[in-house]
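Enquirer:
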Amino acid sequence: MPDEKPSRARGVDRVIDIFRQLHAARQPMAMRDLIDATGAPRSSVYELVSLLSEAGLVELDAEGAVFFGREMHYYGADYMAHNDLIRRAHQLMVEIVARHGETVQLCMLEGNKYTVVLSESSNAHPFKITSDIGVRVPITWTATGRLLLSNWSDSAILDLIPEEDYRLASGQILDKRAFLDEIHHAGKLGYCMTEGLSESFTCCMAAPIRSRSGQAVAAICFMVSRDTPQERRQMLLQELITSGQKLSDFT
1 MPDEKPSRAR
11 GVDRVIDIFR
21 QLHAARQPMA
31 MRDLIDATGA
41 PRSSVYELVS
51 LLSEAGLVEL
61 DAEGAVFFGR
71 EMHYYGADYM
81 AHNDLIRRAH
91 QLMVEIVARH
101 GETVQLCMLE
111 GNKYTVVLSE
121 SSNAHPFKIT
131 SDIGVRVPIT
141 WTATGRLLLS
151 NWSDSAILDL
161 IPEEDYRLAS
171 GQILDKRAFL
181 DEIHHAGKLG
191 YCMTEGLSES
201 FTCCMAAPIR
211 SRSGQAVAAI
221 CFMVSRDTPQ
231 ERRQMLLQEL
241 ITSGQKLSDF
251 T
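The UniProt record's numbering applies: residue 1 is where the sequence shown begins, and numbers increase by one.
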């Protein structure tokens, strides 16, 4: 009896790990790959996958590879319908894409990274940004990350961000003092724009979505080509600022 609670806890941890590995892979995983990725005993993974499959939380394809099941989609739909900010943001983002044809995203902090929570894009636009929803991205890489920390103190920011995240995808090392100054400047402006940080050909522009206390709880952003004309940039930036203010009223 004393071992029952730890055993159950380990089982829950392994289920969570299975889900995280499937999300990171973003495609069906062979059982051997799932076992290697989780580091859990082979028998435990097989047993848990069997239980999750019976519940509809995962599915196995014809080759026995594992991925999320239909039941997970239902839970995700319930969350979107219940979460007021995400529901309203989705409606607004669809309208924005219809008007401007650019990739628009809703982003939030997740631990010491940020994630894309929603992403909408137009099939008609020749410039494509691929962003995986839920994938953790270094805060240092975009305008969005800077805005999400705009209410934080220098010490809290430095404590949060891992040392390795100051290295950009290009290999450039960010100066910490300059990075902190950019964060506070973005907070004063009420928006942020960066170029070539995560991808050399992209420009990221973002506006905050604030809680009633003024905290930046999310950011709405455009990812556009660096050759976007200045006049269009300013128009898109104003669209983001207005949209962020609208969504802030509902947080």
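No residue lacks a Cβ here, since even glycine has one placed at the ideal position from N, Cα and C.
Within the 8 Å Cβ cut-off, does P138 reach chain D?
Expert: Among the chains in the structure shown there is no chain D, since it carries only a single protein chain.
Enquirer: Would you say L174 and T140 are within 8 Å of each other, going by their C-beta atoms?
Expert: The count along the sequence shown starts at 1 and reaches residue 174 at position 174. The count along the sequence shown starts at 1 and reaches residue 140 at position 140. Yes. Within cutoff.
Enquirer: Assuming V117 contacts I86 under a Cβ cut-off of 8 Å, what Cβ separation, rounded to an integer in Å, is found between them?
Expert: Translated into the one-based positions of the sequence shown, residue 117 becomes position 117. Translated into the one-based positions of the sequence shown, residue 86 becomes position 86. Indeed they touch by this definition, with Cβ atoms about 6 Å apart.
Enquirer: If I'm right that A219 touches A207 with Cβ under 8 Å, what's the distance once you round it to whole angstroms?
Expert: If you number the sequence shown from 1, residue 219 lands on position 219. If you number the sequence shown from 1, residue 207 lands on position 207. Their Cβ separation, rounded to whole angstroms, is 7 Å, which keeps A219 and A207 in contact under 8 Å.
Enquirer: In three-state terms, what does DSSP make of A30?
Expert: Within the sequence shown, the letter at position 30 stands for residue 30. Looking at A30 - three-state DSSP - the assignment turns out to be coil, as it is neither helix nor strand.
Enquirer: If you follow the alpha helix (DSSP H) that T115 is part of, which residue opens it and which one closes it?
Expert: One-based indexing of the sequence shown puts residue 115 at position 115. Not the alpha helix (DSSP H): T115 falls in the beta strand (DSSP E), residues 113 to 120.
Enquirer: Residues bridged to T194 by DSSP?
Expert: In the sequence shown, counting from the first residue as 1, residue 194 sits at position 194. DSSP output for T194 lists C204 as bridge partner(s).
Enquirer: Between the region 99 to 107 and the region 217 to 236, do three or more beta carbon pairs fall short of 8 Å?
Expert: As far as the Cβ criterion goes, the region 99 to 107 touches the region 217 to 236, which means the pair count is three or higher.
Enquirer: Have a look at E71 and L158 and give me their C-alpha separation to the nearest angstrom.
Expert: For the purposes of this step, residue 71 is taken as the residue at position 71 of the sequence shown. For the purposes of this step, residue 158 is taken as the residue at position 158 of the sequence shown. Approximately 40 Å, taken between the alpha carbons.
Enquirer: Return the Cβ separation of M29 and L22 in integer angstroms, given the expectation that the two are a contact with Cβ distance under 8 Å.
Expert: Residue mapping note: residue 29 aligns to position 29 of the sequence shown, counting from 1. Residue mapping note: residue 22 aligns to position 22 of the sequence shown, counting from 1. Their Cβ separation, rounded to whole angstroms, is 6 Å, which keeps M29 and L22 in contact under 8 Å.
Enquirer: Drop a sphere of 10 angstroms on the beta-carbon of Y79, count the other beta-carbons inside from all chains shown, and report buried for 16 or more, exposed for fewer.
Expert: Working through the sequence shown from its first residue, we reach residue 79 at position 79. Result: exposed.
Enquirer: Does the pairing of the region 152 to 168 with the region 234 to 245 give three or more beta-carbon distances under 8 Å?
Expert: Result no; under three Cβ-Cβ pairs closer than 8 Å.
Enquirer: Once DSSP output is grouped into helix, strand and coil, what is the label at E110?
Expert: Translated into the one-based positions of the sequence shown, residue 110 becomes position 110. DSSP places E110 in strand when its eight states are reduced to three.
Enquirer: Look up T142 in the DSSP assignment and say whether it is helix, strand or coil.
Expert: In the sequence shown, counting from the first residue as 1, residue 142 sits at position 142. Three-state DSSP puts T142 in coil, outside helix and strand.
Enquirer: Could you check which residue in F68, A55, L57 has the C-alpha nearest to that of R26?
Expert: Taking the first residue of the sequence shown as position 1, residue 26 is located at position 26. Minimum Cα distance to R26 is reached at F68.
Enquirer: Less than 8 Å between C-beta atoms, sequence neighbours within five positions excluded: which residues of the same chain meet that for N151?
Expert: Here residue 151 corresponds to residue number 151 of the sequence shown, with the count starting at 1. Hits under 8 Å: G187, G214, Q215, A216.
Enquirer: I'd like the list of long-range same chain contacts for I133, defined as Cβ closer than 8 Å, with 5 residues on each side in sequence excluded.
Expert: Counted from its first residue, the sequence shown places residue 133 at position 133. Excluding positions up to five away in sequence, the list reads T115, V116, V117, L118, S119.
Enquirer: Under 8 Å, do L122 and V94 count as touching if we go by C-beta distance?
Expert: Stepping through the sequence shown from its first residue, residue 122 is reached at position 122. Stepping through the sequence shown from its first residue, residue 94 is reached at position 94. Looking at the sequence itself, residue 122 is Ser, so the reference to Leu does not match. No, they are not a contact pair.
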